[in-house]
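Here is the structure we will look at, set down as structure tokens.
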Amino acid sequence: MKKLLLTSDALSTRKIKKEFLKLINKPIKSVKVLAMICPNMKSKDSKYERITRKAMRNIGIIKKNIIIVNIRKKY
């Protein structure tokens, strides 16, 4: 079964990290994550991508399993 965690603050707090880790029933190295970010117009887009990626890497998710989509960007 797929699981979904909705947060407006990525994995930036201990409580959110704890809840995220409770949701998964497999080794953290096998977790795949899709993060959709929507930075405000005044900030640099890459800042939020960098912060989000770093938070996920810090809990053990491997780089190739992290996909970040900036929904403000025009593709």
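In the numbering used here, the protein residues as written are 106 to 180.
We put the beta carbon where it would ideally sit given N, CA and C, even for glycine.
Note that the coordinates shown come from a computational prediction; the quantities given were computed from them, not determined experimentally.
Query, Result
"With H, G and I counted as helix, E and B as strand and the rest as coil, what does DSSP make of asparagine 175?", "strand"
"Are the Cβ atoms of isoleucine 167 and threonine 157 separated by less than 8 angstroms?", "no"
"Between the C-alpha atoms of isoleucine 133 and glycine 165, what's the straight-line distance to the nearest angstrom?", "6 angstroms"
"Hey, isoleucine 172 and valine 136 are a contact pair by Cβ (cut 8 angstroms); roughly how many whole angstroms apart?", "Not confirmed; about 12 angstroms, so no contact."
"Taking DSSP as the reference, what is the three-state secondary structure of leucine 116?", "coil"
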